[in-house]
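Chemist: Residue numbers for the sequence shown follow the numbering used here, so the first one is 2 and each next one is one higher.
What follows is a single structure, and I will ask about it in a moment.
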Amino acid sequence: MLKLDSTLLKFNLPEVISGREGQLKGVLQDLEKRASDPNDWLGWLTLHNDQKTFSEIQNYADSVIESKKFENLIVLGIGGSALGPQALLQALHSPLWNELSSEKRNNALKVYFVDNVDPDWTHNLLTELNLEKSLFCVITKSGGTAETISAFLWALDNLKKKLGDNWKDNLVLITDPEKGTLRAFANKENIKSFSVPANVGGRFSVFSAVGLLPLALTGIKIEKFRLGLVKAYKDMLESKNNLNSNIAINLACALIYADQKLGKKINPLMPYSSHLGRISDWYVQLVAESLGKTPQIGITPIKAVGATDQHSQLQLFAEGPLDKIIFFLKVAEFKHEFKIPETIIEGFSDLAGETLNRLIEAQQKGTAQALAQKNVPSLTLELERINEENLAYLLFTFQLMTAIAGSLYGIDAFNQPGVELSKKYTYAFLGKKGYEEYLKDLK
Ligand code: PA5
Numbered sequence: 002m003l004k005l006d007s008t009l010l011k012f013n014l015p016e017v018i019s020g021r022e023g024q025l026k027g028v029l030q031d032l033e034k035r036a037s038d039p040n041d042w043l044g045w046l047t048l049h050n051d052q053k054t055f056s057e058i059q060n061y062a063d064s065v066i067e068s069k070k071f072e073n074l075i076v077l078g079i080g081g082s083a084l085g086p087q088a089l090l091q092a093l094h095s096p097l098w099n100e101l102s103s104e105k106r107n108n109a110l111k112v113y114f115v116d117n118v119d120p121d122w123t124h125n126l127l128t129e130l131n132l133e134k135s136l137f138c139v140i141t142k143s144g145g146t147a148e149t150i151s152a153f154l155w156a157l158d159n160l161k162k163k164l165g166d167n168w169k170d171n172l173v174l175i176t177d178p179e180k181g182t183l184r185a186f187a188n189k190e191n192i193k194s195f196s197v198p199a200n201v202g203g204r205f206s207v208f209s210a211v212g213l214l215p216l217a218l219t220g221i222k223i224e225k226f227r228l229g230l231v232k233a234y235k236d237m238l239e240s241k242n243n244l245n246s247n248i249a250i251n252l253a254c255a256l257i258y259a260d261q262k263l264g265k266k267i268n269p270l271m272p273y274s275s276h277l278g279r280i281s282d283w284y285v286q287l288v289a290e291s292l293g294k295t296p297q298i299g300i301t302p303i304k305a306v307g308a309t310d311q312h313s314q315l316q317l318f319a320e321g322p323l324d325k326i327i328f329f330l331k332v333a334e335f336k337h338e339f340k341i342p343e344t345i346i347e348g349f350s351d352l353a354g355e356t357l358n359r360l361i362e363a364q365q366k367g368t369a370q371a372l373a374q375k376n377v378p379s380l381t382l383e384l385e386r387i388n389e390e391n392l393a394y395l396l397f398t399f400q401l402m403t404a405i406a407g408s409l410y411g412i413d414a415f416n417q418p419g420v421e422l423s424k425k426y427t428y429a430f431l432g433k434k435g436y437e438e439y440l441k442d443l444k
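See the structure below:
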């Protein structure tokens, strides 16, 4: 599933872990205990236990696909309500998925995201699609995020104009089971909806309906994610007596040691795979929003994709400030072998007859080695193959790493008060009622 190589870290990670043994065991026990507390934020640890919800989502998605009623899925969501499904869709589908014929897609839906409030981009996407053939999936845990709700209101208005009494058929909502305006609306209007469990926060929600429904509507069988989560949780429980075997603990301890003892506060995640590129975006949000909590505490995560960004950021990583700890992510076995043809062009003979598989592997290893020589610590995660089980295992591991790091730092990894404040000032700038005191601050 997933392996870790920490030999180029430049410090002894097993020693760091054994130095914190008692504390780490306590953290694992605490997380396990809190997972079943409906009033805590650890519900994501055991989402795999809710097999019923996985089946309900799959059955609904299958019935939508079989009906052949829709061609497009338009996901309206932002942050934790978009990045997870975006990462997994990119990992599992061809880059040309939206260009394929319905026959080649087995009638599964093309997928587009509205995750910003850019007027031109939103106009172009929403007005150019065939509304009748579009299913709008509105995802917002709080049920009131401005970016998402503004697009939702457009969809609502236009579906009503175009479809009359049938407007509800083209909507599916994912929100809190009880709280928020969107939940109240779904209940009142009896609109098809799924819930994000109350004890699962946005950036930890990828394996709730938030990620699962968009994936299932594009033809992915979501039970396989569940199996990956079952394994990840079991490994977590079993690691209590062998902390070194727990990859999340290794990652959390590496980050904290690099930050606190070596002053390395910048953490690029660099997958050597275009399919895994958006996992870096998801990771950036997870780490930034969870661990950036005081002027003293915070790791700055950075997105980088290999080999592409060897021609963009690598110079900085290699010879710029020595303030980084790099996490590489590589794929052990790609689905395809891509052969570079033989050629009679003499200057290209080094590459002729090679494979992209060997090239990308050598590039990752070469880059890690070159950075080590420049005293830049790195570690490498190796994903056995890109498939549903392994992706679930990987994302769960990053979530667990974040929760463990939060506990070790002694901060709340599950809130985002800084983000909330920006929302309030946004409404104040718009002159909305109830936000006058924020406007006073500004004056
Ligand atoms: O991690 C989080 O909680 C946030 O990033 C949210 O996902 C983001 O703000 C969107 O919130 P909501 O799902 O309530 O629309």
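Cβ coordinates follow ideal geometry from the N, Cα and C atoms, glycine included.
Is it true that the region 348-362 meets the region 398-415, where meeting means three or more beta-carbon pairs spaced less than 8 Å apart?
Modeler: The region 348-362 vs the region 398-415: no contact.
Chemist: Quick one: which unbroken beta strand (DSSP E) runs of 3-plus residues sit fully inside the region 153-180? Chain order, please.
Modeler: With a minimum length of 3 residues, the continuous beta strand (DSSP E) runs that stay inside the region 153-180 are 172-176.
Chemist: In the structure shown, what three-state DSSP assignment does F328 receive?
Modeler: Looking up residue 328 in the sequence shown gives position 327. Reduced to three states, the DSSP call for F328 is strand.
Chemist: Anyone know if the C-beta pair for K34 and K241 falls short of 9 Å?
Modeler: Here residue 34 is taken as the residue at index 33 of the sequence shown, counted from 1. Here residue 241 is taken as the residue at index 240 of the sequence shown, counted from 1. Not a contact, by the Cβ cut-off of 9 Å.
Chemist: On a Cα-Cα basis, can you pick out the residue from Y426, Q297, P272 and T295 that is closest to I361?
Modeler: Translated into positions along the sequence shown, residue 361 becomes position 360. The shortest Cα separation from I361 among Y426, Q297, P272 and T295 belongs to P272.
Chemist: Smallest Cα separation from D413: which of M237, G299, E320 and K375?
Modeler: Counting from 1 along the sequence shown, the entry for residue 413 is found at position 412. Of the listed residues, the one whose Cα sits closest to D413 is G299.
Chemist: Given 8 Å as the limit, tell me if K180 has its C-beta closer than that to any heavy atom belonging to the ligand PA5.
Modeler: Here residue 180 refers to the residue found at position 179 of the sequence shown. Not so, every heavy atom of the ligand PA5 lies at least 8 Å from the Cβ.
Chemist: Would you mind listing the beta strand (DSSP E) stretches within the region 166-245 that are 3+ residues and don't spill past its ends, in chain order?
Modeler: Fully enclosed beta strand (DSSP E) runs of 3 or longer: 172-176 and 194-196.
Chemist: E133: which of Q87, K69 and L84 sits nearest, CA to CA?
Modeler: Looking up residue 133 in the sequence shown gives position 132. It is K69.
Chemist: Measuring only from the beta carbon, is V403 closer than 8 Å to any heavy atom that is part of the ligand PA5?
Modeler: For the purposes of this step, residue 403 is taken as the residue at position 402 of the sequence shown. Per the sequence presented here, residue 403 reads as Thr, with Val not at that position. Incorrect: T403 has no Cβ contact closer than 8 Å to the ligand PA5.
Chemist: Could you give the distance in angstroms between the alpha-carbon of D324 and the alpha-carbon of N40?
Modeler: Here the question's residue 324 lines up with position 323 in the sequence shown. Here the question's residue 40 lines up with position 39 in the sequence shown. One C-alpha to the other measures close to 38 Å.
Chemist: Around the C-beta of L395, are 16 or more other C-beta atoms found within 10 angstroms, so that it is buried, or is it exposed?
Modeler: For the purposes of this step, residue 395 is identified with residue 394 of the sequence shown, where counting begins at 1. L395 is buried by the Cβ-count criterion.
Chemist: Among the candidates K53, E148 and N159, whose CA atom is the shortest distance from the CA of K169?
Modeler: If you number the sequence shown from 1, residue 169 lands on position 168. The shortest Cα separation from K169 among K53, E148 and N159 belongs to N159.
Chemist: When you compare each of L372, V420 and N191 to K11 by their alpha carbons, which one comes out closest?
Modeler: The residue labelled residue 11 in the question sits at position 10 within the sequence shown. K11 has its Cα closest to that of L372, out of L372, V420 and N191.
Chemist: What does a CB cutoff of less than 7 Å around V118 pick up in its chain, not counting 5 residues either side in sequence?
Modeler: The sequence position of residue 118 within the sequence shown is 117, counting from 1. Here the set comprises E148 and S151.
Chemist: Output the distance between the C-alpha atoms of I445 and G144, rounded to the nearest integer angstrom.
Modeler: Only positions 2 to 444 of the chain appear in the structure, and residue 445 is not among them; the question remains open.
Chemist: Let me confirm a value: W45 is counted as buried when at least 16 other C-beta atoms fall within 10 Å, else exposed. Which label applies?
Modeler: As a first step, residue 45 must be located in the sequence shown, where it is residue number 44. By the 10 Å Cβ count, W45 comes out buried.
Chemist: Report the residue from K53, I18 and F397 whose alpha carbon sits nearest the alpha carbon of D232.
Modeler: Numbered from 1 along the sequence shown, position 231 holds the residue referred to as residue 232. The question names Asp, but residue 232 is Lys in the sequence shown. When only C-alpha atoms are compared, the closest one is F397.
Chemist: Could you tell me which of I221, T344 and A36 sits nearest to A109, measuring between CA atoms?
Modeler: Reading the sequence shown from its first residue, position 108 is the one you call residue 109. Of the candidates I221, T344 and A36, the one whose C-alpha sits nearest the C-alpha of A109 is I221.
Chemist: Return the CA-CA distance between K163 and N358, expressed in angstroms with no decimal places.
Modeler: Counting from 1 along the sequence shown, the entry for residue 163 is found at position 162. Counting from 1 along the sequence shown, the entry for residue 358 is found at position 357. Cα to Cα, K163 sits roughly 49 Å from N358.
Chemist: In the structure shown, what three-state DSSP assignment does Y284 receive?
Modeler: Position 283 of the sequence shown, counted from the first residue, corresponds to residue 284. Correct three-state label for Y284: helix.
Chemist: Apply the 10 Å Cβ neighbour rule to N268 and answer buried if 16 or more other Cβ atoms are within range, or exposed otherwise.
Modeler: Indexing the sequence shown from 1 puts residue 268 at position 267. That one is buried.
Chemist: Check whether the region 114-131 touches the region 285-305, taking contact to mean three or more Cβ pairs, one atom from each stretch, closer than 8 Å.
Modeler: Touching, no.
Chemist: Quickly, what does DSSP pair E383 with across the bridge? List them, please.
Modeler: The residue given as residue 383 occupies position 382 in the sequence shown. K4 and K331, per the DSSP bridge assignment.
Chemist: Once DSSP output is grouped into helix, strand and coil, what is the label at I267?
Modeler: On the sequence shown, residue 267 is found 266 positions in, with the first residue counted as 1. Strand, per DSSP.
Chemist: At a cut-off of 8 Å, would you count V285 as near the ligand PA5, judging by its Cβ distance to the nearest heavy atom?
Modeler: Position 284 of the sequence shown, counted from the first residue, corresponds to residue 285. Answer for V285: no, Cβ out of range of the ligand PA5.
Chemist: Helix, strand or coil, according to DSSP, for N131 in the structure here?
Modeler: Taking the sequence shown and counting its residues from 1, the one referred to as residue 131 is at position 130. It is coil, neither helix nor strand.
Chemist: Under DSSP, the beta strand (DSSP E) around Y113 begins and ends at which residues?
Modeler: Taking the first residue of the sequence shown as position 1, residue 113 is located at position 112. Segment K111 to V115, the beta strand (DSSP E) holding Y113.
Chemist: Spatial neighbours of E383 within its chain, please: CB distance less than 6 Å, with the 5 preceding and 5 following residues excluded, ordered by chain position.
Modeler: Taking the first residue of the sequence shown as position 1, residue 383 is located at position 382. Here the set comprises K4, K331 and A333.
Chemist: DSSP three-state call for F415: helix, strand or coil?
Modeler: The count along the sequence shown starts at 1 and reaches residue 415 at position 414. Coil, per DSSP.
Chemist: Taking the continuous alpha helix (DSSP H) assigned at T54, which residues delimit it?
Modeler: The residue given as residue 54 occupies position 53 in the sequence shown. Start and end: Q52 to S68.
Chemist: What are the boundary residues of the beta strand (DSSP E) that V76 is part of?
Modeler: Position 75 of the sequence shown, counted from the start, is the residue given in the question as residue 76. From DSSP, the beta strand (DSSP E) with V76 extends over N73 to L77.
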